[in-house]
Every structure is written in C-alpha cells, then in structure tokens.
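Every position in the sequence shown, counted from 1, becomes a number in my numbering once 615 is added. Ideal Cβ placement from N, Cα and C applies to all residues, glycine included.
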Amino acid sequence: MIMQTRPIEDEIKTSYLEYAMSVIVSRAIPDVKDGLKPVQRRILYSMSELGVNYDKPYKKSARIVGETMGKYHPHGDLSIYDALARMAQNFSMRYPLVDGQGNFGSIDGDSPAAMRYTEARLARITSEMIQDIDKKTVPFRQNFDGSLEEPEYFPTKVPQLLINGTSGIAVGMATNMLPNNLGEICDAISHKVDTPEATTDDLLKFVKGPDFPGGGIVFYTKELLDSYQTGRGKALCHGEVSLDEPKHLVIHSLPYGVNKSTFIESIANLAKNEVLKGVTDVRDESDRNGMRIVVKVRDEDMKALVLNQLYENSALETSIGIINLVLVDNEPKIVGLNQLIEIFISHRLEMILRRSKFDLNKNLERQEILIGLAKALDSIDKVVARIKASKDVAEARSSLITAFEMTEKQANAILEMRLQRLTALEINKIKQELEEVNKNIKHLSRIINEEGERRKILKEEVADLKGRFGDKRRTKITYKQLKERATEDLIPNEQDMVILSEGGLLKRVSIEEYKAQKRGGKGIITSTRKEDSVKSVLDCESHDTIYYFTNSGRVIKGKVYELEKKNRKSVGTSAQAILPLMEGEKVQQILKAPENKKSFLILVTRNGFVKRTPAEELFDMRTSGLRIINLEDEDEVVAVEHRDKPGKLVVVSSAGKAAVFLAKEVRMTGRTSRGVKSMRLKKNEYVVSAFAVDDDEFIFNVSRNGIGKRTMVSHYPVHHRGSSGIFLSKWNDRTGDLVSALPVKENDDILLVSKMEKTIRIRVSEVRQLSRVTAGVKLIDLDDDDYVISATRIEGDENGK
C-alpha cells in the first residue's frame, strides 16, 4: 500500500467539496427535468418495476421500501419510508404521486403508521411520468453495486416541479419551491409552445400564484412576483378566517406547512400569556369535511382585534422564502418560471423525438417482416416447395434469400410462420397491417423531421393532462396591499362607561344604557352580584388607556376595548381573570391615562397615609404592573386621585368625619415612598375614601336610606394635615349611616345603586344645595327592605351632557 502525505487543510477542502457535491446532486436538490430527488425517483421506479400501478392492487409499504433499498437506494429504511409517505400526503403535495392506503400521517403532525401496516401504489398521475421509459427515452446508469440499471430522470409528461414544488437543504445551499395549479401551468406551457418568445409577464397571465394543498390566501406582492421572475422571493400567506358566527372566529385553512395542533397550542399559550386579548376558548372541530378551528372571543366587537393579533403573533400569517434552486445538467442553478417552462418544453420535445425514433425503428423492423411475408404469400406454393426440398433450416433460409431476394430477418419470419397464417383471412390481415405500419412510418418520420409536429403533440399532451388531472384553484390570491396594522383602527371608538364593583368585577357598558333620571325616580335595574355594589365608574372612549390601581399599591395598564362589552344587566368579569393580579390583590380605582405630563397622583391608604407622585411615573410602564407606593403591614390603598393642579384634599373616615387640608401640604415624592399622615384616627377608626376638590365643586353625601345633599366645598373649614376632621353631615335614623362622600360639579351625574340591584342616575344640578349641618333630601325611592350600597360620580362635559 502506498502512503501519501498532504496538508490536512487540502484534504479537508477536497473531501468536503466531494461530500457537498454528493449531497447536492444525489440527495437534496431535484433534477429540473422531472422535478424529483433521487430517493423519490428510485421509490417510484421500484414501484413501477414491482407492477404496483394505479390500476393494480396495493402492496405493503415495507415491500416497496425493501425493493427500493435493496436495489437502488442503500440508505436507512425510515428515510425511504418518510419520502414514500410524503408523496402520499394530500396536505403536503398538491398532486400526490403515491396512492396510499392506511395512516400516512396528518396535518396535526401525526407520524405515519409503521410501514408493515400501510399499503401503497402509484397514483394515476404518476403513470404519466414513467410512461415511455421503456422506449429508450432517458439514459440509464448503474446502481450502487453495478448489478442493475436505474434511470437518471423520468421522461415525465407532468411538470412535477412546477405543480408540486419541492424543498431541501443541501450543503451551503437550499431549495424551496412552491406548488402551482396544474391547469394554470398547462395553459402557460401551451402558450409558451405557441409563443417561444413569451416573457414571464406573459406567462403570469395564466399562472395566478402558488396553489397550496390546504388552500389559504396569498398576497400578490413584489416579492412574490420576484420569485417568478428571478427564482428568489417571498410569499406572504394568510389562513382563511370567517367572522360570520357571533363571538367566534372560524379558521378554515392555515398557511402552507403550518402544523395544526402546534398552531392551536400556540393560540392557547398566547391567550394564557395575554398576548391575545379577549380569547376565552379554542376548539378544533375539524373533520373529514375540512378544517374548522374555532376561536371564541369575549365580545363581538373584539373579533377584528383578535384576528389582527393572530396575524401578528401566530402562524396564521406566514412568510415563506422562495428559492427555485434545481439541478440543470447536474449543476445547481436558480431559475424563474420562464426558464422552468422552457426547460420542461425542451425536455418533452426531446422525449417525443426519442420516443418517435424508437417507435419508427420498431415500425421499420415490422415493415421489413411484413414485406417478406407478403412476398411469400404471393408465391406461397413456390415457397413451400423450396422449403420442402431443403435438407435443413439453414439451406431453406439460404434458398429463400436467394430465390425471392429476401433479407435474413424476412426468411426467418417465413420459416417461423404457422400454417394457419395461410388462410385468406390471415393473408388479408397481414396486408392491412402493412398499410397501417406504412402510415405510422410516414407519421413518425414527419414528427422526427419537423419540430412543429413535436410541438403540436406536446400541446395535445398538455391539454390531455389538464383535462384529466386539472382541478379548481384552492388558494385565493389577493391583490390588496397589506397595510401596516393599527390595532385600534379595527375597533369602533365609542362612548363607554367602565364600571368597577366593590367585589372586583369589571365591565364595559355603552354610555347610552344609562339615561339620567329625575331625583326620586324608581331607578333602572343593573347587575353586579348579590351583596356587591358599584365602586367606580369611568366615562371614557373605547380607545382610551386605562390604569388599574390595586389595594396593594400596584398599577396595571390596559386599554378600554380590552374589556368585554356588556349590557347594564350583565354581571361583570372578575378582574383576576383579566389582569395579572397577585393572590389577595384587588382593583381599588380605575383612571384614564393622564394627558398632562406635569399632573400628579394622590394616593391615600386605610391607615391614613397620603402621598403625591408625578403622573409621569405611569408613562412607558410595562403592562404587567408597576409599584406606585410602599405600604406598611396591614395597610392598603383606599383612594387614588389624578389632579392637574394642587387644591383641597378631603379624607373621609369610617366615623363619618372629613379632614380637609391643602394638597400642597403633601410634598411630591417618588414611587418608593410611603407618604405622610393625612388625618388623626381614633382606635378602630380608618379611612374609607379620599378625594381632591376645587372651590367651585361640591361635596356630595349619600346615606344608607337614600338621603343626600350637595354642599359647597367652601362650607367646610380647612385645617392643616393631621387634624381629627369634622362631621360631613347631620346623621340620624332618617338618613342612616354615611354610604359615600364624593366631589362633584354642577354638570356631573350621580349613579346610585341599591342592595336590590336598582340604579338611578341623577343630575347633580337637580339636587338641592344645602349647608354642612343639614341632613339632605330624598334621592331614590326605596322599598322597605332596600337600602343604598354605593354612589358613583359620572363626569359631565362642559355642556352638561
């Protein structure tokens, strides 16, 4: 053995290049002529050799895999079976090449059953790919051990690469070609045959765009056009979604290559992580009639928003990279639609030529025999006499050749002829066959000599292919431009009320549901829950940003439209189900986003602490929450106010007292501070509410028995921070205890809610203005066993609306 020494870098370079070329040519990249990778071609050829054609019984997949592996493809049986299974999957291939029987996998990503269970045979369309292979149309090469021969490519009538596409990863390169509609491709080929100078733009009048097995929607973009022009580009795909069913999005198709079960799982995770707002359930209702994925949303108005979020965050919108990399004469090249069709036409014209030459030779051979038989039949008695006079076959052959000017083949045919051919009927058949053969020779000679004839045949083949295998387009092409999405543009910006209940329920209601009534009216039935009451009402628009302040001192940001829209009689949704709240945490106040960056927040706690914090602390905060105050143990936030300028601050205690002091006495501090004491509390006394007021406002008191009044702020003396406070009103058996004290303006409304779930909306201007020491007037007509449980301010505009 001779040892050679060479630098390792040279050896690696050479060996790796050989390996790379082997992967490119022999494994991952399809041949442009038949559009097949070697493993696919070997499987189909093995099936053809086994005789498992479309009109024959199925054979076990294991038998086919074994035949392929033993004769042509000495690789793992699982890799061969995977390739076989993929060619049988109608969700992977637009026009499957294998007719499978059994479980060959699913769009959910389920693996095929073991090869010993499944059966297969060639699909009908595949017979058009292999037809004429026995007519010396394609070159053959030796198999891996030199014992057999296999075709280098198929003579295919089917533009397999164009209608089924392909994908593969080689070394340093990859291919990803998309499927197209057979009928459209056939029309484009026919046009190119008639008009060889046709451009890609001309062909695109016939080829509308990719046509995927599972349907879907493709956007006709510049990148898609580039893929047809140059062989490189992108396809932007959407799944088909219908919004016809109330509170449901129904997905009927997914982009090409998207796994259904993985997609459904991703939706569930997105909803769980609150990336998808308003999704309450996801169900897979797919059956043999087609795909049906149902996404249930909280509110009808949120369907467009959820669909938009699905496009942005899930595989419902997918961009597929396109690289039309194929082997052209065993060299990897990127080609466009025009080149692919040109190569296919050239290939088919060559196949027609070779087939015609083969058929011509067969007909010429038959013509030679038939001419000899005709000569013999014209002088049959002399022929028989010469044969009888010969001592052996060789002498008889020689005698016939000499006497009747025959060729050796003709003489052999006469010697092998049966006596039954001497009947008049058989003699006539031979003459008719000779006439037919002469016609065939003339026709085949014309095909061989005239390219126009070959092109005519190619057009007939393509038309026949379209007629037998063409079908309707499954993928919709949209020429709409995909605009950059603004989420809020998809949602109507309506006047809403956001209602927070004492029990932590949230709901969004159209402001039109609550019409202002006269003082003393019976009220409108609303609904929170038994033993629950309205805590806060926010008059806002659907697009407004809303801040949720919690009792634990955190603030969470959201959008009004993210809340489910309900009618006034509906029970709200638990804040725990909507917001990322911690255990034991509840929403204490809801506020709209501050417009003035120089404004501030006032927070008051149950133990009497108060702090002032710049509103800009809320800007650019995370949606998951931000701590806005540090609390002592056993303390919690009871009130949050937003103000543009310092005014008076009113802190109300459980004893019905109020401490009124100037807000500027509370210095501005950051998020991490606890604040300072607001009022002096007695044992077992605690703060129940707090609010900021201006001199032009009123303090509105409401008692348990529906008695209320409004009093000018100026009627309440101002003390320094830390006082014990003064009584808000004259409390007695007629009034009952204090339920709520809140700041109002002349054009505001008050929403009262009773234990029996009655509500009434009252204009502040219709309630008599009284002094601090009076009890008030009747606001709502209550039944004997009913009483007021909450009062909420609804801000009016400058026109009093």
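- Between the stretch 853 to 866 and the stretch 957 to 971 there are fewer than three C-beta pairs closer than 8 Å, too few to call the two in contact.
- Shown here, Leu-1034 sits in a helix according to DSSP, grouped into three states.
- The beta-carbon separation of Val-647 and Arg-1070, rounded to 20 Å, does not stay under the 8 Å limit for a contact.
- Distance from the CA of Lys-1226 to the CA of Glu-1179, rounded to the nearest whole angstrom, comes to 33 Å.
- For Glu-1200 against Arg-1221, the beta-carbon gap comes to about 15 Å, at or over 8 Å, which does not count as contact.
- For Asn-1316, the pairing in a beta bridge is given by DSSP as Lys-1324 and Ala-1356.
- Contact check between the stretch 914 to 931 and the stretch 946 to 953: fewer than three CB pairs, one atom from each, fall below 8 Å, which does not count as touching.
- For Val-910, the uninterrupted beta strand (DSSP E) run begins and ends at 908 to 912, by DSSP.
- If you draw a straight line from the Cα of Leu-1030 to the Cα of Lys-1046, it is about 19 Å long.
- Taking 8 Å as the cut-off, the beta carbon of Gln-844 is found closer than this to the beta carbon of Gly-951.
- Minimum Cα-Cα distance from Leu-1366 among the listed residues Val-1328, Gly-1411 and Asp-1348 corresponds to Gly-1411.
- Exclusion of the five residues before and after Ser-1157 leaves Ile-1106, Pro-1107, Asn-1108, Glu-1109, Asp-1111, Val-1175 and Tyr-1176 as the residues of its chain whose Cβ lies within less than 7 Å of its Cβ.
- Spanning the alpha carbons of Lys-837 and Ala-850 requires a straight line of approximately 9 Å.
- One alpha carbon belongs to Gln-619, the other to Glu-626, and they sit about 11 Å apart.
- Inclusion of Leu-659 and Leu-712 in the CB contact set at 8 Å is warranted, their separation being smaller than that value.
- Shown here, Val-753 sits in coil according to DSSP, grouped into three states, outside any helix or strand.
- Lys-1345 and Val-1388 have their C-alpha atoms roughly 5 Å apart.
- Following the DSSP letters along the chain, one finds Thr-845 inside the alpha helix (DSSP H) bounded by residues 837 to 845.
- C-alpha of Lys-628 to C-alpha of Pro-653: approximately 25 Å in a straight line.
- In the three-state scheme derived from DSSP, where H, G and I count as helix and E and B as strand, Glu-633 is classed as helix.
- DSSP lists Asp-1111 as the bridge partner or partners of Cys-1155.
- With contacts defined as CB atoms closer than 8 Å, Gly-720 and Ala-738 fail to qualify as a contacting pair.
- A direct Cα-Cα distance of roughly 11 Å separates Val-999 from Ser-1014.
- Within the stretch 680 to 724, the runs of beta strand (DSSP E) that reach at least 3 residues and sit entirely inside it are, in chain order, 713 to 716.
- As computed with DSSP, Tyr-1402 is found in no beta bridge at all.
- The stretch 1312 to 1327 makes no contact with the stretch 1284 to 1299; the number of CB pairs closer than 8 Å stays below 3.
- For Val-1388, DSSP assigns no beta-bridge partner whatsoever.
- Secondary structure at Val-921: helix, using DSSP grouped into helix, strand and coil.
- Nearest in C-alpha terms to Asp-817, of all of Gln-1203, Gly-829, Leu-840 and Phe-827, is Leu-840.
- By DSSP's assignment, Tyr-1163 forms a beta bridge with Ile-1171 and Ile-1205.
- If you draw a 10 Å sphere on the C-beta of Val-1008, you find fewer than 16 other C-beta atoms in it, and that means exposed.
- Rounded to the nearest whole angstrom, the C-alpha separation of Ser-1116 and Ile-1217 is 21 Å.
- In the three-state DSSP reduction, Phe-1342 falls in the strand class (E or B).
- In the structure shown, Ala-728 adopts coil according to DSSP, grouped into three states.
- The C-alpha of Ser-1304 lies about 11 Å from the C-alpha of Lys-1272.
- Pairwise C-beta distances place the stretch 755 to 763 out of contact with the stretch 779 to 794, as fewer than three of them are shorter than 8 Å.
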